[in-house]
Amino acid sequence: MAPARDCTPAGSAGRDRYVDFADLAAHEREGTDYRVTARRGVGEEARVVQLAIHGGGIEPPTTQLADYSARMTGSSFYSLEGLGNGDERDLHVTATHFDDPRALALAETARYSVSWHGAAGVEPLTYVGGLDIHAARRVAAALRTRGFAVAARNPGALAGVQPCNIANRDQRGEGVQLEISEGQRRKFLKDGDLGRDRINDPRFRTPAFYAYSAAVLSALAPAPAVPGPPAAG
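Each residue of the sequence shown is one higher than the one before, counting from 11 in my numbering.
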């Protein structure tokens with residue numbers, strides 16, 4: 011069990027409009043401005059949770075990557091999606107302040123967590139962080155093996171090593187955080203289009219989308235079976 015910690019947000023978080031989830035929920039309308047999906051895995055598969063706290067149009071297509079990865083393994087899944095009404099950047103609550111009880115309920119009953127994020131940058135690149143150093147190394151190696159570029163070092167803001175980061179709120183107090191550059195995320199959709207209609211339609215996904223998910227899943231311990239992309243219909 012992870013040690014007790016005080017994760018009460020203290021003040022604002024950088025450029026974020028809202029200090030925590032409660033602040034966001036008090037000013038934005040769920041179902042209109044944003045949507046939350048929380049799905050618990052079945053049996054042993056609930057030991058893994060896939061998180062996309064900046065989903066939808068905030069950092070696309072992190073919801074779709076996390077959801078696909080969770081569905082392929084029966085894992086738990088949480089996403090907060092911006093729905094495109096207003097400036098979706100306003101819905102960004104930094105990972106160390108993100109405390110939606112629905113997300114915490116899934117994370118704190120899981121043994122392993124993967125938190126999917128979007129980073130800036132036109133070059134295809136992933137920053138693999140989090141306090142689960144061993145799993146992060148396995149994920150980085152699996153991504154490189156499949157031809158995805160992984161940063162040798164993580165900038166402090168992308169390292170995901172704070173104990174209160176949602177990525178590290180599982181039972182062990184350590185998880186994996188993926189910060190995926192815009193350049194890499196565009197590789198997951200045909201024509202590099204990250205528009206809402208494209209990210210929500212599996213027909214526009216490229217083989218890279220499935221290969222990336224498979225690489226991440228193959229590195230989790232204990233490793234689940236990883237299917238390939240669905241057959242064309």
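Just so it is clear, CB atoms sit at the ideal spot from N, CA and C, and this is done for glycine as well.
Simplified DSSP state of residue i, which is helix, strand or coil
i: residue 54; result: helix
i: residue 87; result: strand
i: residue 181; result: coil
i: residue 102; result: coil
i: residue 29; result: coil
i: residue 171; result: coil
i: residue 156; result: coil
i: residue 165; result: coil
i: residue 120; result: coil
i: residue 144; result: helix
i: residue 229; result: helix
i: residue 114; result: helix
Nearest-angstrom Cβ-Cβ length linking residue i and residue j, presumed shorter than 8 Å
i: residue 180; j: residue 121; result: 6 Å
i: residue 129; j: residue 190; result: 6 Å
i: residue 158; j: residue 225; result: 7 Å
Sequence-distant residues of the same chain with beta carbon closer than 6 Å to residue i, five excluded per side
i: residue 145; result: 186
i: residue 56; result: 50 and 86
i: residue 133; result: 193
i: residue 212; result: none
Nearest candidate by alpha-carbon position, reference residue i, set the options
i: residue 209; options: 116, 77 and 87; result: 77
i: residue 127; options: 170, 95 and 150; result: 170
i: residue 136; options: 156, 123, 161 and 151; result: 161
i: residue 168; options: 176, 139 and 194; result: 139
i: residue 163; options: 147, 225 and 155; result: 147
i: residue 230; options: 198, 36, 60 and 31; result: 60
i: residue 92; options: 110, 79, 67 and 106; result: 67
i: residue 106; options: 207, 178, 116 and 220; result: 178
i: residue 46; options: 32, 25 and 89; result: 89
i: residue 150; options: 200, 75, 188 and 84; result: 188
i: residue 110; options: 215, 176, 211 and 25; result: 176
i: residue 123; options: 108, 141 and 131; result: 141
i: residue 39; options: 166, 95, 173 and 213; result: 95
i: residue 219; options: 98, 41 and 156; result: 156
i: residue 114; options: 214, 198, 201 and 48; result: 48
i: residue 54; options: 206, 201, 99 and 119; result: 119
i: residue 58; options: 116, 36, 25 and 75; result: 116
i: residue 97; options: 154, 44, 79 and 213; result: 44
i: residue 52; options: 84, 99 and 221; result: 84
i: residue 221; options: 79, 131 and 99; result: 79
i: residue 75; options: 37, 125 and 165; result: 125
Close-in-space but distant-in-sequence residues of the same chain around residue i (CB under 7 Å, 5 per side omitted)
i: residue 34; result: 28, 101 and 103
i: residue 233; result: With a pLDDT of 46 at residue 233, under the threshold of 50, the predicted position of this residue should be treated as unreliable, though the coordinate-derived value follows. Counting only Cβ-Cβ distances below 7 Å, and skipping sequence neighbours, we find nothing.
i: residue 204; result: 70, 71, 195 and 196
i: residue 81; result: none
i: residue 73; result: 62, 65, 66, 89 and 91
i: residue 206; result: 67 and 94
i: residue 200; result: 214 and 216
For residue i, the residue or residues it bridges with in DSSP
i: residue 199; result: 215
i: residue 127; result: 189
i: residue 61; result: 88 and 125
i: residue 66; result: 92
i: residue 40; result: 44
i: residue 137; result: 189
i: residue 49; result: 87
Cutoff 8 Å; reference residue i; Cβ partners in own chain excluding five residues on either side
i: residue 26; result: 102, 103, 104 and 107
i: residue 154; result: 160
i: residue 243; result: Caution applies to residue 243, whose pLDDT of 48 falls short of 50 and renders its modelled position unreliable; the value that the coordinates give is listed next. The answer is none, since no qualifying residue turns up.
i: residue 30; result: 19, 103, 107, 108 and 109
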